[in-house]
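Residue 1053 is where the sequence shown starts when you use our numbering, and the numbers rise one by one after that. All C-beta atoms, glycine included, are put in the ideal place defined by N, C-alpha and C. Just below is one structure, and these are the notes that go with it.
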Amino acid sequence: MKHPSSILVKKDLLFAALRHEETPAIPWVPFAGVHAGSLKGYNARQFLTDGKKLVNALLDVNRQYDPDGQPVVFDLQIEAEILGCELIRAEKAPPSVAMHPLAQSMELPACLPEKNRWQAAKFAGS
């Protein structure tokens, strides 16, 4: 069954709502998260560290749920990893922060951590 918002182009519906305009329906933008990977049989680690699996699972979520919009990944731990935190990866849950860069010293780094710190970002070049 198609979402009632299909009378408008999904992107138009979403942006109209963001502009506080009247819309025929409330846009549906689900956060699929690690659940997206489980629909394809991927565990959380595989889903969040393998770009091809991430894209494959999110495209499948898009086909199955027909949302008006879809975040690629909503995971604050990814932001933490980019900023230099060390993560512990689990098979059935999003990663958790194990250590952060100011744990040993309160001295702020002069620059961000090395390029490509976020492992799932590798799919862009795959």
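Alpha carbon of residue i to alpha carbon of residue j, nearest angstrom
i, j, result
"residue 1122", "residue 1112", "12 Å"
"residue 1097", "residue 1157", "29 Å"
"residue 1118", "residue 1066", "13 Å"
"residue 1086", "residue 1079", "22 Å"
"residue 1129", "residue 1064", "31 Å"
"residue 1037", "residue 1155", "Since the first residue of the chain shown is 1053 and the last is 1178, residue 1037 is not available in this structure."
"residue 1120", "residue 1089", "20 Å"
"residue 1142", "residue 1082", "23 Å"
"residue 1077", "residue 1070", "13 Å"
"residue 1140", "residue 1162", "25 Å"
"residue 1103", "residue 1116", "20 Å"
"residue 1159", "residue 1131", "20 Å"
C-beta contact flag for residue i and residue j at 8 Å
i, j, result
"residue 1147", "residue 1100", "yes"
"residue 1092", "residue 1114", "no"
"residue 1075", "residue 1068", "yes"
Rounded Cβ spacing between residue i and residue j (contact assumed at less than 8 Å)
i, j, result
"residue 1150", "residue 1133", "Rounded, the Cβ-Cβ distance is 10 Å, inconsistent with contact."
"residue 1110", "residue 1124", "6 Å"
"residue 1095", "residue 1144", "6 Å"
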